[in-house]
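Participant:
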Amino acid sequence: MLLVACPCAAGLATPTAVSAAIGNGARRGMLIKGGTSLEAAASVDCVVLDKTGTLTTGHPRVEHVLSFDPAIQPEEILAMAASGELHSLHPLARAIVRHSRNRDLEIPDHEDCEFLAGRGMRADINGDRVLIGNRRLMDAFAVDVPEWVVARAESLRRQGETVIYIAVNGKLLGLLGVIDQIRPEARRLVDSLRAAGIRPLILLSGDAAGPAGIVARELGLDQFQGGLLPEEKLRCVRELRQDGHSVAMVGDGINDGPSLAAADVGIAIGAHGSDVAIEAADVVLADGDVSGVPSVIDLSRRTLSVIKQNYAFALGLNGLGMALGALGVLNPFVAAALHNLSTVAVVLNSSRLIRYDPAESGTVPGITQHRAPRLAPLVVQ
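Going letter by letter, the sequence shown gives residues -20 to -1, 1 to 361 in mature numbering (1 follows the signal peptide of the UniProt record, and there is no 0).
#1: Helix, strand or coil for Lys151, going by three-state DSSP, please let me know.
#2: If I'm right that Met101 touches Leu152 with Cβ under 8 Å, what's the distance once you round it to whole angstroms?
#3: Assuming Ser271 is part of the alpha helix (DSSP H), what are its boundary residues?
#4: Would you be able to state if there are at least three C-beta pairs under 8 Å between the stretch 24 to 37 and the stretch 215 to 235?
#5: Kindly indicate which residue of Pro126, Arg74 and Ala192 has the alpha-carbon position closest to the one of Ile162.
#6: Count the C-beta pairs between the stretch 56 to 74 and the stretch 166 to 186 that are closer than 8 Å, then say yes if the count reaches three, no if not.
#7: From what residue to what residue does the alpha helix (DSSP H) around Ile194 run?
#8: Taking the alpha-carbon positions, what's the Asp160 to Gly190 distance?
#9: Is Ala(-12) helix, strand or coil by DSSP?
#10: At the level of alpha carbons, what is the spacing between Ala241 and Asp262?
#11: Touching or not, the stretch 42 to 53 and the stretch 192 to 209, by the rule of three or more beta carbon pairs under 8 Å?
#12: Span of the beta strand (DSSP E) holding Ile105?
#13: Considering only the beta carbon of each residue, do His44 and Leu156 sit closer than 8 Å?
#14: Cβ of Val158 within 8 Å of Cβ of Ala266?
#15: What does DSSP give as the partner residues of Thr142 in its beta bridges?
#16: How big is the Cα-Cα spacing for Pro12 and Arg99?
#17: If we call anything under 8 Å between Cβ atoms a contact, is Leu279 one with Asn4?
#18: Helix, strand or coil for Pro95 per DSSP?
#19: Does the Cβ-Cβ distance between Ala21 and Ile287 come in under 8 Å?
#20: Could you pull out every residue in the same chain whose Cβ sits closer than 7 Å to the Cβ of Ala166, ignoring the five residues on either side in sequence?
#21: When you compare the CB positions of Tyr291 and Ala(-8), do they come within less than 8 Å of one another, or not?
#22: Ser285 to Ala147, Cα distance in whole Å?
#23: Should Ile112 and Glu56 be called a contact, given that it needs their Cβ atoms to be closer than 8 Å?
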């Protein structure tokens, strides 16, 4: 009875399954930072998504450059914006710099710059104080934005463009309209999450409500909020958890770092994600493929299922062996063989996770046998 009762199989039930699952994920470009992250991902029932670089390609382009001063050409506005954004890694900043270089503009050097999270940046260029960012930034520095400019900006937002204001020495001089395309795999991502029974699906963006709403409606998300600062995103995630949801946050930017850390599971888009986001996340999609999100959840659920099977088999077989040993039915040789059998069986069962393909479950992109449930109405907040 003592030979059978040794709990080797039960002790291996969890670590063997977790190790196999983490190895499986790594081969598929999903870097999972431990068993706790796997366990949390299995219970996710709400997914919060960033917009730029997560649901969109992260390769925006400049569509409009407007100057409000007849003495200043649009090219000068663009060059000033590029100067301030020259060393920023934000996708919008890279788009501005790229557009300037494509037009062979001379980009002036800046003496100093300061990144203002969720607003934009301040730079000193040729002795001038230049502000480059959203309406919050203009308001923070008491820059007057006339009503006709507000109307023009709103017109651009209705076209899906992100509006970036440029002010020099406290005076608004122009704006840029930048647009980003929705990722081709974003629709499959949303359909796959719904097929897995996960809702609500929520978009939280630092971008204005107009562009954020267009993306949310295009993808059929349940809720969206735009124009959020990092601390406001963080508050939204905490409120969802307080409401009883198990939340996965998916993002790639510096602004997403606090929310990724606060969620039950933080998933960072690693190919172009910021170091802050990658460090804060529990899971990193190294190849940058956002369709890996449902695969992470499915692999986690499968892992927990295998762990339960392992415990059931180990405890059941050990219990049976102990009962037979107490009755004197088992001799020591058979008892030792039964003990080793349970240990080997647990290891073999866990090893199935090494070859497990999340696509076989039907909850990842490309699987059509699961029909997504009817979408909930869009809630604008």
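Backbone N, C-alpha and C fix where the C-beta goes; we use that ideal spot for every residue, glycine too. Treat the numbers as computed from the prediction; the structure is a model and nothing was measured.
Facilitator: On the basis of the supplied data:
#1: The residue labelled residue 151 in the question sits at position 171 within the sequence shown. Lys151 falls in the strand class under three-state DSSP.
#2: Walking along the sequence shown from the start, residue 101 turns up at place 121. Walking along the sequence shown from the start, residue 152 turns up at place 172. Rounded, the Cβ-Cβ distance is 16 Å, inconsistent with contact.
#3: Taking the sequence shown and counting its residues from 1, the one referred to as residue 271 is at position 291. Unbroken run through Ser271: none, as it is neither H nor E.
#4: At 8 Å Cβ cutoff, the stretches touch.
#5: Start at 1 with the first residue of the sequence shown, and residue 162 comes out as number 182. Closest in alpha carbon position to Ile162, among Pro126, Arg74 and Ala192, is Ala192.
#6: No: the two stretches stay apart, fewer than three of their Cβ pairs being nearer than 8 Å.
#7: Numbered from its first residue, the sequence shown carries residue 194 at position 214. Counted as a single uninterrupted DSSP element, the alpha helix (DSSP H) harbouring Ile194 occupies residues Ala189 to Leu199.
#8: Residue numbering aside, residue 160 sits at position 180 when the sequence shown is read from its first letter. Residue numbering aside, residue 190 sits at position 210 when the sequence shown is read from its first letter. For the pair Asp160 and Gly190, the Cα-to-Cα distance works out to about 13 Å.
#9: If you number the sequence shown from 1, residue -12 lands on position 9. The three-state reading of DSSP puts Ala(-12) in helix, counting H, G and I together.
#10: Walking along the sequence shown from the start, residue 241 turns up at place 261. Walking along the sequence shown from the start, residue 262 turns up at place 282. In a straight line, the C-alpha of Ala241 is about 8 Å away from that of Asp262.
#11: Counting Cβ pairs under 8 Å, fewer than three are found: no touch.
#12: One-based indexing of the sequence shown puts residue 105 at position 125. Following the DSSP letters along the chain, one finds Ile105 inside the beta strand (DSSP E) bounded by residues Gly100 to Ile105.
#13: Here the question's residue 44 lines up with position 64 in the sequence shown. Here the question's residue 156 lines up with position 176 in the sequence shown. Going by C-beta atoms, His44 is nearer than 8 Å to Leu156.
#14: Counting from 1 along the sequence shown, the entry for residue 158 is found at position 178. Counting from 1 along the sequence shown, the entry for residue 266 is found at position 286. With contacts defined by Cβ atoms closer than 8 Å, Val158 and Ala266 do not form a contacting pair.
#15: Counted from its first residue, the sequence shown places residue 142 at position 162. Partner(s): Val158.
#16: Working through the sequence shown from its first residue, we reach residue 12 at position 32. Working through the sequence shown from its first residue, we reach residue 99 at position 119. Position check: residue 12 holds Ile in this sequence, whereas Pro was assumed. Those two C-alpha atoms are separated by around 32 Å.
#17: Looking up residue 279 in the sequence shown gives position 299. Looking up residue 4 in the sequence shown gives position 24. Result yes, Cβ atoms of Leu279 and Asn4 sit closer than 8 Å.
#18: One-based indexing of the sequence shown puts residue 95 at position 115. Looking at the sequence provided, one finds Phe at residue 95 rather than Pro. Look at Phe95 here: in three-state DSSP terms it is strand.
#19: Here residue 21 is taken as the residue at index 41 of the sequence shown, counted from 1. Here residue 287 is taken as the residue at index 307 of the sequence shown, counted from 1. No; because the gap between Cβ atoms is not below 8 Å, this pair is not in contact.
#20: Position 186 of the sequence shown holds residue 166. Leu35, Leu199 and Val270.
#21: For the purposes of this step, residue 291 is identified with residue 311 of the sequence shown, where counting begins at 1. For the purposes of this step, residue -8 is identified with residue 13 of the sequence shown, where counting begins at 1. For Tyr291 and Ala(-8), yes; Cβs fall inside 8 Å.
#22: By 1-based counting over the sequence shown, the position of residue 285 is 305. By 1-based counting over the sequence shown, the position of residue 147 is 167. One C-alpha to the other measures close to 57 Å.
#23: To locate residue 112, count along the sequence shown from 1; it is residue 132. To locate residue 56, count along the sequence shown from 1; it is residue 76. Going by C-beta atoms, Ile112 is not nearer than 8 Å to Glu56.
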